[in-house]
Amino acid sequence: MNANRLPDAKRIVVKIGSALLVDEAHGAVRRHWLETLADDVAACRERGQQVVIVSSGAIAVGRRQLDLPKGGLRLDEKQAAAATGMVRLAHAFQETLAHRHITVAQVLLTLEDSENRRRYLNARNTLEALLKLGAVPLINENDTVATDEIRFGDNDRLSARVAAMISAGVLVLLSDIDGLYTSDPRKDPDAAFVPEVREITPEIQDMAGHAPPGDGTGGMVTKLEAAAIATNAGSAMVICDGKPDHPLRGLEDGARCTWFLPSETPRSARKHWIAGSLKAHGSITVDDGALKALRGGKSLLPAGVVAVEGDFQRGDAVLVKDSSGQEAARGLCAYSSDDARTIMGHKSAEIEGLLGYRGRDEIIHRDDLALN
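Below, the structure is given as structure tokens:
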């Protein structure tokens, strides 16, 4: 993969470091740079790509508005600064992208939202809906409510979790460094540039340095951790210098960067995760017609379900059995066991009348299904 592969990705997650977005001297958003990034985002969307932005900088902006010191803030002070700064950041993104007829939607997440199955599913469904409706989600950690125990602590890993959550093709880390080196190039003049990484080995991990002083909380250590999360989910990740104007265009034009390459696509990685990493909490038996449809790449609809066994919640993994009781697939159910029993054998159009709310048309979507 090279920089020219970026235009081929259906979904792109762009993570913006605090040092890029915020003028450290004045605590203000670098509006000219943001305008050029907005041009790049608009260009991606014009060719049919979906873009998600994970932005740092809320605390950096907010602490100056509240006259808080630069370092050593308590958690409650960081949360207060984030609450103040995120309003200004969101407004800057909204105003800048609105000039290009792009709608921005703010989404605040915590680590718990990516680890709790039901909250993960809710977050994923919200992001999917926003992307399908043509919006650009603007994501940050929900610093105002997160405690130390449920914090990401940096947006590198947050952006990787988001990329995995939505099966993004590429995660772009816009940083103040142009990629991975064998050692810290600010300290070692002999540090060699690493253009491509196919596996994050202990040798690669040893190349990571420490976060530089300033408002950022990342560093190469967290970027390598993000690369592991992203590539394990089938997403490619690239680290590039985001300081110049039009950073995404520069990446496409061949700017120096480091690519971290996955061994699988997001789709196949997700299916392997469903097939081998999740404990089944129940089973759903389908008729022969539904089984044939599943093997043809279709989703499982309520009409094809003849039995539901076990006690499970929405988002849990379940076995899919054929009429003889043999396991034919495994998937993530969009309904609880009680609701699945209520709607089984019925058409999707009847779901709202049976349950009193409009859920998904499918009991198991094909993207959440792994055939044996």
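Going by the working numbering, the sequence shown opens with residue 14, and the numbers climb by one from there.
Don't be surprised by glycine CBs; every beta carbon is placed ideally from N, CA and C.
Where do the ends of the beta strand (DSSP E) carrying residue i lie?
i, result
"Gln339", "Segment: none, Gln339 is in no beta strand (DSSP E) and carries neither H nor E."
"Leu382", "382-384"
"Lys28", "24-29"
"Gln63", "63-68"
Hey, out of the options, whose CA is closest to residue i's CA?
i, options, result
"Asp21", "Leu184, Gly317, Gln339", "Leu184"
"Ile376", "Gly369, Cys346, Asn385, Leu122", "Cys346"
"Gln119", "Thr97, Ile66, Glu365", "Ile66"
"Ile297", "Tyr348, Gly255, Cys270, Ser276", "Tyr348"
"His259", "Leu33, Asp52, Val42", "Asp52"
"Gly302", "Ser196, Ser336, Lys292, Asp197", "Ser336"
"Ala41", "Asp189, Arg137, Ala103", "Ala103"
"Thr97", "Val74, Thr109, Leu110, Arg113", "Val74"
"Asp300", "Val321, Gly289, Ala293, His294", "Val321"
"Lys305", "Pro150, Asp254, Ala342", "Ala342"
"Ala282", "Glu125, Ala181, Gly263, Leu146", "Ala181"
"Pro279", "Asp126, Leu79, Ala176, Asn129", "Ala176"
"Leu264", "Ile252, Pro275, Gly328", "Ile252"
"Pro198", "Asp169, Gly232, Arg44", "Gly232"
"Lys200", "Ala173, Met220, Ile152", "Met220"
"Ala111", "Asn385, Ala148, Arg170", "Ala148"
"Ala241", "Lys284, Ala71, Leu171, Gly267", "Leu171"
Which partner residues of residue i appear in the DSSP bridge assignment?
i, result
"Ala320", "Thr298"
"Asp254", "Ser188"
"Pro150", "Ala118"
"Phe325", "In the DSSP output, where bridge partners are listed per residue, Phe325 has none listed."
"Glu209", "Trp272"
"Asp36", "Ala41"
"Gly344", "Val331, Leu382"
"Leu193", "Val207"
"Val54", "Looking at the DSSP assignment, Val54 forms no beta bridge with any residue, so it has no partner."
"Ala293", "Ala330"
"Ala249", "Val183"
Ends of the alpha helix (DSSP H) at residue i?
i, result
"Phe106", "88-111"
"Thr271", "Taken as a continuous stretch (DSSP letters only), Thr271 belongs to no alpha helix (DSSP H), being part of the beta strand (DSSP E) at 270-273."
"Ala176", "168-178"
"Asn135", "130-145"
"Glu375", "Looking at the DSSP string, Glu375 is not in any alpha helix (DSSP H), and its letter there is neither H nor E."
"Leu264", "260-265"
"Asn245", "233-245"
"Glu365", "364-368"
"Ala12", "Because the chain spans 14 through 385 in this model, residue 12 falls outside it and cannot be assessed."
"Asp351", "350-356"
"Pro315", "Where Pro315 is concerned, there is no enclosing alpha helix (DSSP H), given that its DSSP letter is neither H nor E."
"Pro215", "215-219"
- [ ] Inspect the CB distances between the region 315-323 and the region 348-361 and report whether three or more fall short of 8 Å.
- [x] yes
Task: Cβ pair count under 8 Å reaching 3, the region 85-92 against the region 199-217 - done: no
Open item on the list: Does the structure place the region 29-41 close enough to the region 110-119 that three or more beta carbon pairs sit under 8 Å?
Closed with: no
- [ ] Specify whether the region 191-204 and the region 135-153 touch according to this definition: at least 3 beta carbon pairs, one from each stretch, less than 8 Å apart.
- [x] no
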